[in-house]
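Every letter in the sequence shown is one number past the one before it in the working numbering, and letter 94, counting from 1, is 150.
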Amino acid sequence: MTSEKSNALRKRGPQPLSAEQVCERIRAAILSGELKPGSKLTEQDLAAEFEVSRTPIREAIRQLEVERLVSRTPFVGVTVTQLSPEEVIELLDIREVLEGLVARLATENMDSFHLQRLKKSLQQLAASARKSDVGAYLDQALAFRRALVECCGSATLSEHVMAIENRLRLTGSRTALLPGRMEAAIEEHEKLLDAIVRGDAKGAERLNRERIRHIRDAVAKSISFSIL
Numbered sequence: 057m058t059s060e061k062s063n064a065l066r067k068r069g070p071q072p073l074s075a076e077q078v079c080e081r082i083r084a085a086i087l088s089g090e091l092k093p094g095s096k097l098t099e100q101d102l103a104a105e106f107e108v109s110r111t112p113i114r115e116a117i118r119q120l121e122v123e124r125l126v127s128r129t130p131f132v133g134v135t136v137t138q139l140s141p142e143e144v145i146e147l148l149d150i151r152e153v154l155e156g157l158v159a160r161l162a163t164e165n166m167d168s169f170h171l172q173r174l175k176k177s178l179q180q181l182a183a184s185a186r187k188s189d190v191g192a193y194l195d196q197a198l199a200f201r202r203a204l205v206e207c208c209g210s211a212t213l214s215e216h217v218m219a220i221e222n223r224l225r226l227t228g229s230r231t232a233l234l235p236g237r238m239e240a241a242i243e244e245h246e247k248l249l250d251a252i253v254r255g256d257a258k259g260a261e262r263l264n265r266e267r268i269r270h271i272r273d274a275v276a277k278s279i280s281f282s283i284l
């Protein structure tokens with residue numbers, strides 16, 4: 057690069073963020089829990105925070121509305137989506153079917169690289185559960201699922217699974233905090249991994265569906281108790 061071009065770039069300074077980059081940052085803040093469900097998002101505040109015009113902010117918010125991570129309400133504006141108990145149960149019902157299929161296809165397409173990733177994630181998942189480190193536990197549970205999704209060989213299925221995963225992450229660590237849930241999840245993941253190692257695709261599908269059904273039942277039970 058010539059000195060003239062280098063000087064010109066320095067004078068222009070850093071380039072403003074694109075709408076896609078803004079969307080990624082807002083999405084990450086929502087999924088990490090930095091932006092809580094119900095938090096209000098205004099174009100003015102976001103534009104000031106990211107040092108961009110309102111145009112990329114509007115585009116980012118439209119995309120997040122499509123992903124149903126934010127909601128627009130008359131006289132209120134745009135807020136981070138709050139899932140109702142009924143929506144959580146519905147999403148878990150759908151997730152059970154989709155992730156059962158993921159487990160079957162992933163078992164049929166499994167390779168040594170992804171198998172090692174699954175084993176490593178399970179080891180770290182168990183270690184996090186022993187330490188009661190919910191944040192690390194959720195990270196490793198997600199890593200385990202993503203390794204399966206990557207190996208299932210279906211971009212369409214992967215897209216739908218991760219969209220539901222992201223929406224369920226709006227609930228934070230609710231399911232992990234249910235009594236005995238983390239310990240039960242370790243055993244369920246171990247059985248699932250064993251079926252995958254043995255190449256039992258149908259068994260893996262059944263076990264993954266059972267695993268998510270147990271989560272659904274635990275969530276439904278916790279909701280019923282909170283109502284009483």
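Glycine included, each C-beta is placed from N, C-alpha and C at the ideal position. All figures in this text were calculated on a predicted structure; none of them were measured in a lab.
query = Helix, strand or coil for Val144 per DSSP?
reply = helix
query = Around the C-beta of Arg223, are 16 or more other C-beta atoms found within 10 angstroms, so that it is buried, or is it exposed?
reply = buried
request  = In angstroms with no decimal places, state the Cα-to-Cα distance between Val373 and Asp101.
outcome  = Residue 373 lies beyond the stretch modelled for the chain, which goes from 57 to 284, so this question has no answer here.
request  = Could you tell me the boundaries of the beta strand (DSSP E) in which Val136 lies?
outcome  = 133-136
query = CA-CA distance, Thr135 and Thr98?
reply = 9 Å
request  = Compute the beta-carbon to beta-carbon distance between Ala116 and Ile145, rounded to the nearest angstrom, for a pair I have assumed lies under 8 Å.
outcome  = Actually they do not touch by this definition, with Cβ atoms about 30 Å apart.
ask   = Given Ala192, which residues of its chain have a CB within under 6 Å of its CB, disregarding the five upstream and five downstream residues?
value = Ser184
ask   = What are the start and end residues of the beta strand (DSSP E) that includes Arg110?
value = It is not in any beta strand (DSSP E) - Arg110 instead sits in the alpha helix (DSSP H) that spans 110-122.
inquiry  = On the DSSP letters alone, give me the boundaries of the beta strand (DSSP E) that Ser88 sits inside.
reply    = Note, Ser88: premise wrong, no beta strand (DSSP E); not H, not E.
task = Using 10 angstroms around the beta-carbon of Ala159, count the other beta-carbons present and answer buried if the total reaches 16, otherwise exposed.
result = buried
Sub-7 Å separation of Val126 and Phe106 beta-carbons = no
key: For Ser127, the first and last residue of its enclosing beta strand (DSSP E)   = 126-129
request  = Could you please give me the residues that DSSP links to Lys96 through a beta bridge?
outcome  = Thr135
ask   = To the nearest whole angstrom, what separates the beta carbons of Leu174 and Phe200, a pair I think is in contact under 8 Å?
value = 6 Å
ask   = Can Glu244 and Arg267 be called in contact, C-beta distance under 7 Å?
value = yes
Of the residues Asn264, Ala104, Ser188, the one placed nearest Glu152, counting alpha carbons only = Asn264
ask   = How would you label Val217, buried or exposed, when you count the other beta carbons within 10 angstroms and need 16 or more for buried?
value = buried
Reduced DSSP category for Gly236 - H, G, I as helix; E, B as strand; rest coil = coil
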